[in-house]
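Count the sequence shown with my numbering and you get residues 1066 to 1250, in order.
Heads up: the structure comes next, in structure tokens.
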Amino acid sequence: MAYTLELAQKLTVMKNIWHLSRIDGEPTPLGTIEQARMKLKEEVKCTDPAGSIWFGIKARNVVELAATYDIADGTGASLGTMTKDFRASLGRSTYRVETPSGQWTITETSKGKAIARRVVGVVTDLPWLFRVQFQILDASGNQVGHVNRANMKIKDTYEIRVEDEALDMRVAAAIGVAVDAFMNR
């Protein structure tokens, strides 16, 4: 079953905060995601509307070029891993996601736009100049979704569309966080 999520950043000083909602059909709040800034090891927690931990993301090591992140549910049980593919990311940012139900690759849609965005990023941080767009590919290389940044918005807002029922909604939300926070957007 396909689903569409919205990840909308709330502007704050000391931590990154996003509101996560399911937006296909009647918009439904799913949780609030928080990440403390300036930590050596990335750590993110998502609480559901009742205040319980819905999922978390934790880096295995201190900052590294090919970082691996563990994604776990509220009890600490593994939902999967997400690894930045350093070599592929030289051209366009790429992540590999593995869960008990499958494997996916998340990569920027356009190599040309990815390179142009990096060049412009050296001079200025205007994310709306080059819209951030990622495709979600299954193990066979078929596109089964996307993560797209909304155009012309001051705060980061992402649409996460998934057409593969094997990709857990919490893992898809973690992918959205990676595209925004772990790439310093």
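Glycine included, every Cβ here is placed at the ideal spot set by N, Cα and C.
These figures come from a predicted structure and were not determined experimentally.
Exercise. Of all the options F1151, I1098, F1120, which has the alpha carbon lying nearest to the alpha carbon of D1233?
Worked result: Nearest option by C-alpha distance: F1120.
For this session: Evaluate A1132 with the Cβ neighbour count: other Cβ atoms within 10 Å of its Cβ, from every protein chain shown; 16 or more gives buried, anything less gives exposed.
Result: Buried, by the Cβ-count rule.
Exercise. Just reading off the alpha helix (DSSP H) that S1271 is part of, what are its end residues?
Worked result: The question about residue 1271 has no answer here: the residues shown for the chain are numbered 1066 through 1250.
For this session: Assign A1131 to one of three DSSP states: helix, strand, or coil.
Result: If DSSP states are grouped into helix, strand and coil, A1131 belongs with coil.
Problem set entry | Spatial neighbours of R1214 in its chain, beta-carbon cut-off 6 Å, leaving aside the 5 residues before and after | Taken in chain order, the residues that qualify are R1196, V1197, Y1223.
Exercise. Considering I1171, what are the terminal residues of the beta strand (DSSP E) in which it resides?
Worked result: Counted as a single uninterrupted DSSP element, the beta strand (DSSP E) harbouring I1171 occupies residues 1167-1173.
Exercise. Taking Cβ to Cβ, would you say Q1074 is nearer than 7 Å to K1220?
Worked result: Going by C-beta atoms, Q1074 is nearer than 7 Å to K1220.
Problem set entry | Residues of its chain near Y1068, where Cβ-Cβ distance is below 7 Å and the 5 sequence neighbours each way are ignored | So the list reads R1087, D1089, V1227, M1234, once near-sequence residues are dropped.
Problem set entry | For M1066: DSSP bridge partner residues | M1066 is not bridged to any residue.
For this session: Put A1231 into one of helix, strand or coil per three-state DSSP.
Result: Here A1231 sits in coil by DSSP.
Problem set entry | Cβ separation of T1164 and V1236, assumed to be a contact under 8 Å, to the nearest whole Å | Sure, about 6 Å apart at Cβ, within 8 Å.
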